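K.L.:
Take the sequence shown: its letter number 391 is residue 400 in my numbering, and every next letter is one higher. We put the beta carbon where it would ideally sit given N, CA and C, even for glycine. Since the structure is predicted, the reported quantities are computational estimates derived from the model, not experimental observations. The structure that follows is given in the form of C-alpha cells.
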Amino acid sequence: MSLLEQYRVIRQASEDICRPLQKEDYVVQPVADVSPPKWHLGHTTWFWETFLLEKHLPGYKIFNPDYNFVFNSYYETIGARVIRTDRGNLSRPSVDDIYQYRKYVDSAMAELLSGAHGAVGLQDAHPLCDIILLGLNHEQQHQELLWSDIKYILGHNPLFPAWSDYDINDLSPSARGAEEGRVTDTLIPMAAGIYEIGYDGDGFCFDNERTRHKVWLADFKISPSLVTNEEYLAFIQAGGYENFIYWHAEGWDWVKQQHIRGPLYWHLIEGNWFYYTLAGLRPVAMDEPVCHVSYYEAVAYAAWKGQRLPTEWEWEAASGEFNWGKRWEWTESAYLPYPGFKKAEGAIGEYNGKFMVSQMVLRGASVATPAHHSRKTYRNFFHPHLRWQFTGIRLAS
C-alpha cells in the first residue's frame, strides 16, 4: 500500500469512529483528561498542516491562521495554545468547519504525496517519510483516544446513551488487532538471564522505544491470561476497596477521596452489576478481561492475590509466550528513558520525552488500538490514577 493509500485509510478511520455521534457529542469535555471528539479531528489535521504542508508543499495556504492556537496540543516550540481544560469551551470552529478543514488538508496532502503541482512525490526512501509515518501513527493514537473519550462522554451522561448498537468488544479480535483466548491458569516460568529490550529496527517505532539494550532479569513467572471481570468481582466482594492493606498510600487516599468502589463504568443496580459499554448499559460479562482499572487498583488486586504486576522488561521478555492485545496492561515500571535515548530536534522532540515523569508504563494494546498499530516494544504511559483508557491486569510472581 502506498503512503497516499495509507494516509487515506487512516484518515477515514478517524471519521468512521465519529460517524454515529450526534453533533452535540462532538463538543463535550467532562474532565480535563478527555478531549472533545471535534478537537481530536482538528488536532490531527493541524499536525499534517503544521509539520508537513506549511514547509514542504509549494504555495500551500494555511486554512485558518487561528487554528494553530486552537489545535496545538502541547508543542511549546510551535507557540501559544488553548489550555487543555478549555477545549470543551470551543463552540467554534463548528463541527462542519472542522470537516471542511480536514477535506482541505487531505486534498493538499494528496498533492504532496502524489507529486502533483510541482511537489515532491514521496517514496519510501524520501527524507520526509519518517515524519509522515509519525503522523500516521499519531493519528492512530488519537483514534484510540477517540474511542476512550467518546465512551467517557457518553458513559457519564445520566441517560447512558449508546454510541451504536454494538460495543467495541463485539468487533472481531482480528479487526481490532487483538488476540483471543485464555490458555491456562498455570503461570509461565521464565528463566533468569540477559534479555534484549526495545526497538529492534524492524518497522516503525516511537522515540521512547529506543535504544535497544540488555537487561538482567531474575527468575519470574507470568500469567498467560488477563484477570477477568469474575475474578475482579471476587476482590470487590471480599472487601478489597475497604481494606487499606492492599493499597499504596496514594492509592488508598484516592479510593477514599474519590469514593471508588469498582472499575470505571461499573454500576450496582438492585443487587446486580452492570457496566456501561459503547452499546449502552449491559450486565457485566464475567468472562471478559476486566477493563478501565487504574494502576492503583491493579496493584491492590495483585496484592490481594499474593502476586504482583510484571515489570515492563519482564512483560516484553515473556510477550511471545502469551496472547496479548485486548487490554493495555499495567506494569510495575515507571516511565523513564532507555539508555541512549535522545530527543529529536525541534517540536518533534517534544513528542514523548517531556512526559517521562510521574507516570507508569503499560504494555501491549487494547481492543481500541487500530490494527497493526502496536508491537511488543510499544510503551504506553499514564498517571497511576487514570483509567478511562482500556486498561487491564496481568499478574506475575
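1. Between W322 and the rest of its own chain, which residues show a CB-CB distance below 8 Å, the 5 nearest in sequence each way excluded?
2. If you scan the stretch 311 to 351 from start to end, which runs of the beta strand (DSSP E) of 3 or more residues do you find wholly inside it?
3. So, does the stretch 206 to 217 touch the stretch 298 to 314, judging by three or more C-beta pairs under 8 Å?
4. Closest to R221 by C-alpha separation, out of P346, K112, V43, I278, would be which residue?
5. Report the CB separation of I296 from E338 in whole angstroms; it is logged as a contact under 8 Å.
6. Mind checking which residues open and close the beta strand (DSSP E) that includes K363?
7. Does the structure place the stretch 89 to 99 close enough to the stretch 148 to 159 that three or more beta carbon pairs sit under 8 Å?
8. Helix, strand or coil: which one does DSSP assign to G130?
9. Could you tell me which of E58, W256, T400 sits nearest to G68, measuring between CA atoms?
10. Give every residue of the same chain whose Cβ lies closer than 6 Å to the Cβ of S183, excluding the five residues on either side of it in the sequence, and list them in chain order.
11. Given this structure, state the Cα-to-Cα distance separating T386 from H49, to the nearest angstrom.
12. Sorted by chain position, which residues of the same chain lie with C-beta nearer than 7 Å to H392's C-beta, five sequence neighbours on each side aside?
13. Which residue comes first and which comes last in the beta strand (DSSP E) that contains R291?
14. Inspect the CB distances between the stretch 264 to 273 and the stretch 242 to 253 and report whether three or more fall short of 8 Å.
15. Please state whether the Cβ-Cβ distance between G97 and P45 is less than 9 Å.
16. Is the beta carbon of W324 sitting closer than 9 Å to the one on G373?
17. Buried or exposed: where does N389 fall if 16 or more other Cβ atoms within 10 Å of its Cβ makes it buried?
18. Please name the residue, chosen from T378, V376, H394, A311, that lies closest to R403 on a Cα-to-Cα basis.
19. Using three-state DSSP, classify N389 as helix, strand or coil.
P.N.:
Quick look at the numbers:
1. Residue 322 sits at position 313 when you count from the first residue of the sequence shown. Here the set comprises Y204, I206, V224, L226, S342.
2. 337 to 343
3. no
4. Residue numbering aside, residue 221 sits at position 212 when the sequence shown is read from its first letter. Residue P346 is the option with its Cα nearest to R221.
5. The sequence position of residue 296 within the sequence shown is 287, counting from 1. The sequence position of residue 338 within the sequence shown is 329, counting from 1. It should be noted that the sequence gives Asp, not Ile, for residue 296. Their Cβ separation, rounded to whole angstroms, is 18 Å, which puts D296 and E338 out of contact at 8 Å.
6. Against the sequence shown, residue 363 aligns to sequence position 354. Premise fails: K363 is in no beta strand (DSSP E) and is neither H nor E.
7. no
8. Position 121 of the sequence shown, counted from the first residue, corresponds to residue 130. Low local confidence applies: a pLDDT of 47 at G130 is under 50, so the model's placement there is unreliable, with the coordinate-based value given in what follows. If DSSP states are grouped into helix, strand and coil, G130 belongs with coil.
9. Within the sequence shown, residue 68 is the residue found at index 59, counting from 1. Of the listed residues, the one whose Cα sits closest to G68 is E58.
10. On the sequence shown, residue 183 is found 174 positions in, with the first residue counted as 1. Below a pLDDT of 50, predicted positions are generally treated as unreliable, and S183, at 42, falls in that range; the measurement from the model is reported next regardless. Nothing meets the Cβ criterion.
11. Position 377 of the sequence shown, counted from the first residue, corresponds to residue 386. Position 40 of the sequence shown, counted from the first residue, corresponds to residue 49. Each residue's alpha carbon lies about 25 Å from the other.
12. Mapped onto the sequence shown, residue 392 falls at position 383. Excluding sequence neighbours, H392 sits near S367, Q368.
13. Working through the sequence shown from its first residue, we reach residue 291 at position 282. 289 to 292 is the span of the beta strand (DSSP E), which, as asked, contains R291.
14. yes
15. Here residue 97 corresponds to residue number 88 of the sequence shown, with the count starting at 1. Here residue 45 corresponds to residue number 36 of the sequence shown, with the count starting at 1. A contact, by the Cβ cut-off of 9 Å.
16. Looking up residue 324 in the sequence shown gives position 315. Looking up residue 373 in the sequence shown gives position 364. In this structure, G373 lies closer than 9 Å to W324 by Cβ.
17. Taking the first residue of the sequence shown as position 1, residue 389 is located at position 380. N389 comes out buried.
18. The residue given as residue 403 occupies position 394 in the sequence shown. If we check each option's Cα against that of R403, A311 comes out closest.
19. The residue given as residue 389 occupies position 380 in the sequence shown. In this structure, N389 counts as strand in the three-state DSSP scheme.
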